[in-house]
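With full-length UniProt numbering, letter number 10 in the sequence shown gets 10, and the count goes up by one each step, no holes.
Cβ coordinates follow ideal geometry from the N, Cα and C atoms, glycine included.
In this text the structure is predicted, and so the values were computed from the model without any measurement.
Here is the structure we will look at.
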Amino acid sequence: MPIDYSKWDKIQLSDDSDIEVHPNVDKRSFIRWKQQSIHEERVKRNNDIKNLEFQLSMNSRLNQRVDKMVAHLSNQDLLSLDAVRKFLNANFDKNEKGHGDNVDPDMPPYNEMVEDLFEQLEINAKKAGKDPKDGAVIREMIAEHRKKIDLVSEQAKEKLAQLYAEKASLISSDDIQTGFDKGFVNKSSGSEDTEAAKYLSKGNVSSPSAVNLPPPPLQFYDFKDDVMKLAPETVDFGEISPKDIEKSEAHLLKNLPIISEQQKDALMMSAFEYQIEGDSDRAFQVIHQSELIAYIREIYDMKKIPHLQTKELTEVIKMFFQKVFYFKANDQGKKGFLDSVQAKFNHVKARVKVMQEEEENAEGVETIQLKSLDDSTELQVNLPEFDSSDPEELKKLEAFNRLPKNMQDAVKTQSLDKINEVFANMPIAEAEAILDVFNDGGIIGINALLENESEFQELQEKFHNEPDNQATSSFIDEAQNGAQEVPDLDVNTSEIVD
């Protein structure tokens with residue numbers, strides 16, 4: 001077998017024994033300088049490669065966002081930063097950002113960078129004397145910006161191809177690999193060679209047309225702002241019958257991003273809605289489809305792949321359907337899957353039944369609420385004077401201290417609404433005891449709204465004529481939900497009236 005010795009021509013030597021230097025130059029020092037120079041050039045070339053790769057990857061992700069917005073948003077929506085932000089967060093991961101050895105860790109996420117772009121476009125429009133509130137102007141400026149980015153990306157690709165060609169023309173210690181200490185030979189080259197192959201053509205390495213940036217990795221659907229949100233593709237998947245297994249497989253292979261934890265959970269939660277509506281067949285159907293996603297995602301996660309990898313996930317889907325549904329010799333896999341679906345369906349039915357029973361039982365609960373039935377009077381909250389030594393105020397303070405902490409806090413606000421909120425979550429017996437404390441301390445009082453002096457004199461005479469001085473007393477009426485004997489009471493309320 002002929003041996004190719006040409007690769008030895010690529011070795012870059014820095015310590016040749018026969019190197020000739022000027023007599024006034026120390027030979028060892030010269031060799032060290034040359035070694036340092038070669039090392040620095042190599043480090044700089046590797047850093048330049050990393051920077052250009054990141055720049056191209058970042059531009060690709062930003063262009064992906066801008067292009068999708070331009071295609072789906074109207075001119076009016078492009079003028080609204082809120083509309084742009086909502087669209088970005090609904091279609092892309094709002095936390096996705098650049099990572100790398102030479103990347104600033106404080107770099108903003110890609111979505112925020114696009115938002116900043118729209119703000120800058122508005123400023124540029126003003127400087128150019130154009131109307132920044134004209135959607136057509138913004139759309140035109142976006143197109144101009146995209147042309148500039150494309151030009152920069154093409155230049156970066158050319159430079160990257162040159163750097164990879166230069167790196168491939170030299171052999172360094174990083175390229176040295178032992179060949180016979182492993183169980184196989186003819187292994188493909190390392191990761192750097194694989195990356196370089198993406199940018200170098202087989203014919204002319206300097207040809208820009210031969211440089212192709214790999215597409216950005218796909219992302220699973222994950223609506224963090226709304227965990228119940230379903231992607232349209234997931235909704236369509238939930239409508240597939242459990243009997244049509246081949247259609248389910250084809251749909252998943254075509255829509256890989258829906259195989260996410262968030263979409264699986266959102267689909268499962270929709271089963272509760274169908275069961276509450278009484279549609280058990282549809283509830284079972286979406287649970288079945290949710291379990292398909294759950295099983296496939298669990299197998300995929302076992303591979304510990306951080307991102308959506310098309311090839312690996314496709315293999316998982318095909319393997320799962322083959323072994324669970326198409327393997328006729330052993331149906332244990334299918335039986336185990338259907339048992340899991342049935343168990344979750346039973347859980348949903350049982351939980352919905354409990355929820356409905358709790359709702360029915362809650363309809364007849366008594367509560368006490370404070371309200372004046374007379375339009376000429378209003379209830380007021382009388383706080384004790386905490387620093388006073390007056391006997392009446394001390395009596396009021398003593399009553400106040402007998403109240404539970406949450407009611408004390410509500411009374412301090414002097415808001416009847418806050419007091420009623422505490423009453424709403426309190427057993428009727430405890431609420432009645434608190435009303436007694438209110439009466440003992442005079443914490444709840446009544447203000448009469450008098451229109452003229454004659455009404456005041458009439459009320460004064462009535463006060464003097466009553467021996468027990470009960471003009472400001474109050475009484476409690478309790479009513480259950482739907483009580484007909486007190487038509488002017490609110491549902492589930494009891495009231496203090498004048």
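* **Three-state secondary structure (DSSP) of Ile444** => Here residue 444 corresponds to residue number 444 of the sequence shown, with the count starting at 1. Correct three-state label for Ile444: strand.
* To do: Please confirm whether Val341 and His288 have their CB atoms less than 8 Å apart.
  => On the sequence shown, residue 341 is found 341 positions in, with the first residue counted as 1. On the sequence shown, residue 288 is found 288 positions in, with the first residue counted as 1. Yes, Cβ-Cβ distance for Val341 and His288 is below 8 Å.
* To do: Can you tell me the Cβ-Cβ gap for Leu267 and Ser290, rounded? I've got them flagged as a contact below 8 Å.
  => Reading the sequence shown from its first residue, position 267 is the one you call residue 267. Reading the sequence shown from its first residue, position 290 is the one you call residue 290. Rounded, the Cβ-Cβ distance is 4 Å, consistent with contact.
* Stretch pair the region 109-127 + the region 138-146: three plus CB contacts closer than 8 Å -> yes
* Residue range of the alpha helix (DSSP H) that includes Glu273 -> By 1-based counting over the sequence shown, the position of residue 273 is 273. Residues Glu261 to Ile276.
* Asked: Ser270 to Asp101, Cα distance in whole Å?
  -> Residue mapping note: residue 270 aligns to position 270 of the sequence shown, counting from 1. Residue mapping note: residue 101 aligns to position 101 of the sequence shown, counting from 1. Approximately 43 Å, taken between the alpha carbons.
* Which stretch, first to last residue, makes up the alpha helix (DSSP H) that contains Val411? -> As a first step, residue 411 must be located in the sequence shown, where it is residue number 411. Taken as a continuous stretch (DSSP letters only), the alpha helix (DSSP H) holding Val411 covers Lys405 to Lys412.
* To do: Run the CB neighbour count on Gln275, radius 10 Å, all protein chains shown included, and call it buried at 16 or more, exposed below.
  => Working through the sequence shown from its first residue, we reach residue 275 at position 275. Gln275 comes out buried.
* Reduced DSSP category for Gln380 - H, G, I as helix; E, B as strand; rest coil -> Residue 380 sits at position 380 when you count from the first residue of the sequence shown. Strand at Gln380.
* **Residue interval of the alpha helix (DSSP H) (run including Arg402)** => Here residue 402 is taken as the residue at index 402 of the sequence shown, counted from 1. Counting along the chain, Arg402 falls outside any alpha helix (DSSP H), and DSSP gives it neither H nor E.
* Asked: Taking C-beta to C-beta, are Ile296 and Phe320 nearer than 8 Å?
  -> Here residue 296 corresponds to residue number 296 of the sequence shown, with the count starting at 1. Here residue 320 corresponds to residue number 320 of the sequence shown, with the count starting at 1. Against a cut-off of 8 Å, the Cβ pair of Phe320 and Ile296 comes out as a contact.
* Can you have a look at Ala350 and say buried or exposed, based on whether 16 or more other CB atoms are within 10 angstroms of its CB? => Residue mapping note: residue 350 aligns to position 350 of the sequence shown, counting from 1. Per the 10 Å Cβ criterion, exposed.
* Boundaries of the alpha helix (DSSP H) in which Asn425 is found, first to last residue -> In the sequence shown, residue 425 corresponds to position 425, counting from 1. First-last for Asn425: undefined, no H or E at that position.
* Asked: Under the three-state reduction of DSSP, which class applies to Leu230: helix, strand or coil?
  -> Position 230 of the sequence shown, counted from the first residue, corresponds to residue 230. Here Leu230 sits in coil by DSSP.
* Asked: Could you check where the alpha helix (DSSP H) with Ala125 kicks off and where it finishes?
  -> Counting from one through the sequence shown, the residue named residue 125 turns up at place 125. Taken as a continuous stretch (DSSP letters only), the alpha helix (DSSP H) holding Ala125 covers Tyr110 to Lys127.
* **DSSP bridge partner residues for Leu416 (one or two, in chain order)** => On the sequence shown, position 416 is the one that residue 416 refers to. Leu416 is not bridged to any residue.
* Report, in whole angstroms, the separation of the C-beta atoms of Lys395 and Ile443, which I expect to be a contact under 8 Å. => Along the sequence shown, one-based indexing puts residue 395 at 395. Along the sequence shown, one-based indexing puts residue 443 at 443. Going by Cβ atoms, the distance from Lys395 to Ile443 rounds to 11 Å, so no, they are not a contact pair.
* By Cβ distance, which residues of its chain are closer than 6 Å to Asn76, with the 5 residues on each side in sequence left out? -> As a first step, residue 76 is located in the sequence shown; it is residue number 76 there, counting from the start. Note on residue identity: the sequence assigns Gln, not Asn, to residue 76. Contacts found: Gly135.
* Asked: Nearest-angstrom Cα distance between Glu115 and Glu315?
  -> Reading the sequence shown from its first residue, position 115 is the one you call residue 115. Reading the sequence shown from its first residue, position 315 is the one you call residue 315. If you take the alpha carbons of Glu115 and Glu315, they lie about 37 Å apart.
* **Given Thr234 as reference, the closest of Lys243, Lys44 and Lys254 once Cα atoms are compared** => Position 234 of the sequence shown, counting from 1, holds the residue named residue 234. That would be Lys254, whose Cα lies nearest to the Cα of Thr234.
* **Lys147 burial status per 10 Å Cβ neighbour count (16 or more: buried)** => Walking along the sequence shown from the start, residue 147 turns up at place 147. So Lys147 ends up on the exposed side.
* Asked: How do the region 50-63 and the region 102-114 stand: do at least 3 beta-carbon pairs fall below 8 Å, yes or no?
  -> yes
* **Exposure label - Pro208; buried when at least 16 CB within 10 Å** => Start at 1 with the first residue of the sequence shown, and residue 208 comes out as number 208. Because Pro208 sits at a pLDDT of 40, beneath the cut-off of 50, its placement in the model cannot be relied upon, and the following sentence gives the value as read from the coordinates. Flag for Pro208 reads exposed.
* Please report the Cβ distance between Gln263 and Leu230, rounded to the nearest whole angstrom; I am assuming they are in contact, meaning their Cβ atoms lie under 8 Å. => Counting from 1 along the sequence shown, the entry for residue 263 is found at position 263. Counting from 1 along the sequence shown, the entry for residue 230 is found at position 230. About 7 Å; that satisfies the 8 Å criterion.
* Asked: Excluding sequence positions up to five away, which residues of its chain have a Cβ less than 8 Å from the Cβ of Met426?
  -> One-based indexing of the sequence shown puts residue 426 at position 426. Result list for Met426: Thr367, Ile368 and Ile434, in chain order.
* Less than 8 Å separating the beta-carbons of Val91 and Lys68? -> Locating residue 91 in the sequence shown gives position 91, where the first residue counts as 1. Locating residue 68 in the sequence shown gives position 68, where the first residue counts as 1. One detail in the question is off: residue 91 reads as Asn in this sequence, not Val. Result yes, Cβ atoms of Asn91 and Lys68 sit closer than 8 Å.
* Separation of Glu249 from Phe325, as counted between CA atoms -> Numbered from its first residue, the sequence shown carries residue 325 at position 325. Numbered from its first residue, the sequence shown carries residue 249 at position 249. If I take the Cα positions, the gap works out to 10 Å.
* What residue does the alpha helix (DSSP H) around Met302 start on, and which one ends it? -> Residue mapping note: residue 302 aligns to position 302 of the sequence shown, counting from 1. Ser280 to Met302 is the span of the alpha helix (DSSP H), which, as asked, contains Met302.
* Own chain residues within Cβ distance below 8 Å of Tyr110, not counting five before or after -> Your numbering for residue 110 matches position 110 in the sequence shown. Closer than 8 Å at Cβ, skipping near neighbours: Met58, Arg61, Leu62, Arg65, Phe92, Glu96, Lys97 and Gly98.
* **Exposure of Val84, with buried meaning 16 or more beta-carbon neighbours within 10 Å** => Against the sequence shown, residue 84 aligns to sequence position 84. Val84 is buried by the Cβ-count criterion.
* Can you give me the start and stop residues for the alpha helix (DSSP H) that Glu249 sits inside? => Counting from 1 along the sequence shown, the entry for residue 249 is found at position 249. Glu249 -> alpha helix (DSSP H) spans Ile245 to Lys254.
* To do: Starting from the C-beta of Ala410, find all residues in its chain whose C-beta is less than 8 Å away, skip the five residues before and the five after it, and write them out in chain order.
  => As a working mapping, residue 410 is identified with position 410 in the sequence shown. Closer than 8 Å at the Cβ level, and outside the excluded window around Ala410, lie Lys418, Ile419, Glu421 and Val422.
* Asked: So what's Ile258 in DSSP terms, helix, strand or just coil?
  -> For the purposes of this step, residue 258 is taken as residue 258 along the sequence shown, with counting starting at 1. Ile258: helix per DSSP, three-state reduction.
* Roughly how many whole angstroms lie between the Cα atoms of Leu379 and Asn439? -> Here residue 379 corresponds to residue number 379 of the sequence shown, with the count starting at 1. Here residue 439 corresponds to residue number 439 of the sequence shown, with the count starting at 1. Rounded to whole angstroms, Leu379 to Asn439 spans 13 Å at the Cα level.
* In whole angstroms, what separates the C-alpha of His251 from that of Lys311? -> By one-based count along the sequence shown, residue 251 stands at place 251. By one-based count along the sequence shown, residue 311 stands at place 311. About 16 Å.
* Asp82, enclosing alpha helix (DSSP H) - first and last residue -> As a first step, residue 82 must be located in the sequence shown, where it is residue number 82. Residues Leu81 to Asn91.
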